[in-house]
Every structure is written in C-alpha cells, then in structure tokens.
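Report on one structure; see the data block that follows.
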Amino acid sequence: MAVTELFARRATLGRSLRLLSEFRYERPDPARFYRFLASDTAAMVADLWLAAHGEPPSGRTLLDVGGGPGYFASAFSDAGVRYIGVEPDPSEMHSAGTAFEREPGTFVRASGMALPFADDSVDICLSSNVAEHVPRPWRLGAEMLRVTRPGGLAVLSYTVWLGPFGGHEMGLTHYLGGERAAARYARKHGRPPKNNYGSSLFAVSAADGLTWAASTGALVAAFPRYHPRWAWWLTSVPALREFVVSNLVLVLRPR
C-alpha cells in the first residue's frame, strides 16, 4: 500500500475549505486554529503510519520539532502516541500561557538543527511549518532523519515562499521581495513582523525541498498538505508548484 493511500481519502475539498475557514482565527484566536490544525495533523500522521505499517501509531514515540506552545500534544496523546515537543524559543514555548503546562507530553528547549537526541531514538519525527523559519532547513531535515528509527517516518511540512502564504503576516507583499515586504510592514505597523525576512523567515522553495529529499534516498511521498487529492498533481509541475503548492509535505522513511 502506498504510504499516502489512506490520507488521500481524507484529503477532500471539504477538508480543504474547512482548513481555510479556520485559518481566519489564527491571529484572533490561535488556540482554536492551532488545535484544529493539530487534530488534522495527527490524523494525517496516523494515516501515513497505518498505510506504511498496517497498524495505528498507538504506543509509538513522536518528536515534534518546533512544537511551539504544545497545541499538538493533546491531539497526538489522544491517539495514544507518546509526544515529545522541541522548541528553541522560550517566549514561543509559553505563548499560550498556562495552557502549555497542562498539555500532556514532554517538552524540551532545543534547536531543530541540533537535536539533543540519540540516533534512531524515535518512531516518528514531525516538523510542521518550521523549515521556512530556520537558516538551514535541510540541516533540520537531516537531524530529523538521524533521530528517526529505520522503518519509521519523518514528516517535514513547510510553507513554500512563493505560495500565497509565504509572507506569513506580511500577506502578499512578499512578492515585492522579502526585505521590501518586511520594511513595508514595519512602516505600516510601527514594528517589525514577527516572521521577519532574513532572521526568522527565509525563502524556501518546493524545488529545493524535493531535491534535498530525493538526495536522501528516503523519500516515499510528497504532496501539498492542504489541497484536495485531485490537486496533488501540482507538486510534479516545476515553476507552477512554487506558486500553488502553499505547503509541501515531504514524507521520508529511513532505512
């Protein structure tokens, strides 16, 4: 069975529209949005694992690289997965306030580019929307593969720079160029954007991710995370994919 076969059934137009609808709450009510996204992500990872192994991931250990304030912890714990969250920024780690302390799982302050875990130590390694925020995204990817056991899954999902959400809170102004978009945001709001181009936001392309993943010999699937199944073919079209694949998922299975 192809590793994406089960998740492909879940990737409907209705799901895509629901995700887009929930996205409007990202700023005014982040807990609502990110808990919805966490539930969707846990279902995606469970489908990928079930397709690859013929059994649900219950009892397995998942390392979430860039887990932020831990919104994903409950979703994975509810699925019976042992959750470990890694986050380098203490302010981000505690941005949800006391809710963080109530989330199940284990949380570690560390960089995704230098994970403090032994080789082959987790069953699943996940990184959701982090690669575009680090200066060396494929170093992060290599670390994810290093800590994932042979036969496990590394799932790296990131926002493509030239896609409609590549500029994050800067909106579509990123098409003017990252530095110009950041300067325009600062003039308008009187402060730099949280995701500031060149320091906490970088231009990561779909082509670069696919090239890196293919070079590892571990790539088993690549698809647009929020698109319905019938639009997954867009990932295979050079140039076009940079603009329409807003978030690329790379699924790797270390040997």
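Everything in the sequence shown is counted per my numbering, starting at 4 for the first residue and increasing by one.
The beta carbon of each residue, even a glycine, is placed where N, CA and C say it ideally should be.
These numbers come from a predicted model, not from an experiment.
Where residue i sits in the DSSP three-state scheme
{"i": "Thr7", "result": "coil"}
{"i": "Arg142", "result": "helix"}
{"i": "Phe110", "result": "strand"}
{"i": "Arg18", "result": "helix"}
{"i": "Gly73", "result": "coil"}
{"i": "Phe39", "result": "helix"}
{"i": "Trp33", "result": "Correcting the residue type first, residue 33 is Pro in the shown sequence and not Trp. Looking at Pro33 - three-state DSSP - the assignment turns out to be helix."}
{"i": "Ala225", "result": "strand"}
{"i": "Ala102", "result": "Because the pLDDT at Ala102 is just 45, under 50, the model does not fix this residue reliably, and the point stays unresolved."}
{"i": "Asp263", "result": "Since the first and last residues shown for the chain are 4 and 258, residue 263 lies out of range."}
{"i": "Ala189", "result": "helix"}
From the options, residue whose alpha carbon lies closest to that of residue i
{"i": "Arg49", "options": "Val6, Thr15, Arg38, Phe26", "result": "Going by the sequence as given, residue 49 is Ala instead of Arg. Per the Cα distances, Val6."}
{"i": "Gly88", "options": "Phe79, Thr109, Asp81, Pro31", "result": "Thr109"}
{"i": "Gly180", "options": "Ala206, Lys191, Glu172, Arg190", "result": "Ala206"}
{"i": "Thr162", "options": "Arg152, Leu118, Pro140", "result": "Pro140"}
{"i": "Leu51", "options": "Ala11, Ser239, Leu243", "result": "Ala11"}
{"i": "Val45", "options": "Ser160, Lys191, Arg244, Lys197", "result": "The residue you asked about is not Val; residue 45 is Ala in the sequence shown. Nearest C-alpha to Ala45: Ser160."}
{"i": "Ala55", "options": "Asp122, Ala224, Arg244", "result": "Ala224"}
{"i": "Lys191", "options": "Tyr178, Val252, Met173", "result": "Met173"}
{"i": "Ser280", "options": "Val158, Trp235, Leu243", "result": "Because residue 280 is not part of the residues shown, which for the chain are 4 to 258, the question remains open."}
Cα-Cα separation between residue i and residue j, rounded to whole angstroms
{"i": "Gly154", "j": "Glu58", "result": "13 Å"}
{"i": "Pro241", "j": "Ala210", "result": "7 Å"}
{"i": "Arg187", "j": "Gly166", "result": "19 Å"}
{"i": "Ser124", "j": "Arg183", "result": "42 Å"}
{"i": "Gly17", "j": "Leu40", "result": "15 Å"}
{"i": "Gly100", "j": "Ser77", "result": "Confidence at Gly100 is low in this model, with a pLDDT of 48, below 50, so the placement of that residue should be treated as unreliable; the coordinate-derived value is given next. Those two C-alpha atoms are separated by around 16 Å."}
{"i": "Met47", "j": "Leu9", "result": "9 Å"}
{"i": "Thr36", "j": "Gly62", "result": "What sits at residue 36 in the sequence shown is Phe, not Thr. Approximately 27 Å between the Cα atoms of the pair."}
{"i": "Thr15", "j": "Thr176", "result": "30 Å"}
{"i": "Arg21", "j": "Arg27", "result": "11 Å"}
{"i": "Gly170", "j": "Arg13", "result": "28 Å"}
{"i": "Glu281", "j": "Arg38", "result": "The structure shown does not extend to residue 281, since the chain is modelled only from 4 to 258, so the question has no answer here."}
Distance CB(residue i)-CB(residue j) smaller than 7 Å
{"i": "Leu255", "j": "Leu222", "result": "yes"}
{"i": "Leu156", "j": "Met116", "result": "no"}
{"i": "Phe261", "j": "Ser249", "result": "It is not possible to answer for residue 261, since the shown part of the chain is limited to 4 through 258."}
{"i": "Thr2", "j": "Phe226", "result": "Because the chain is modelled from 4 through 258, residue 2 falls outside the range shown and cannot be assessed."}
{"i": "Tyr86", "j": "Ser80", "result": "yes"}
{"i": "Thr219", "j": "Asp126", "result": "no"}
{"i": "Thr151", "j": "Pro60", "result": "no"}
{"i": "Leu251", "j": "Ala216", "result": "no"}
Distance cut-off 6 Å: residue i Cβ against heavy atoms of the ligand SAM
{"i": "Met4", "result": "You won't find the ligand SAM in this model; it holds no ligand whatsoever."}
Exercise for review: Examine the Cβ distances between the region 142–150 and the region 116–131 and report whether three or more of them are shorter than 8 Å.
Suggested key: yes
Point to revise | Contact between the region 184–203 and the region 215–235 (3+ Cβ pairs under 8 Å) | key: no
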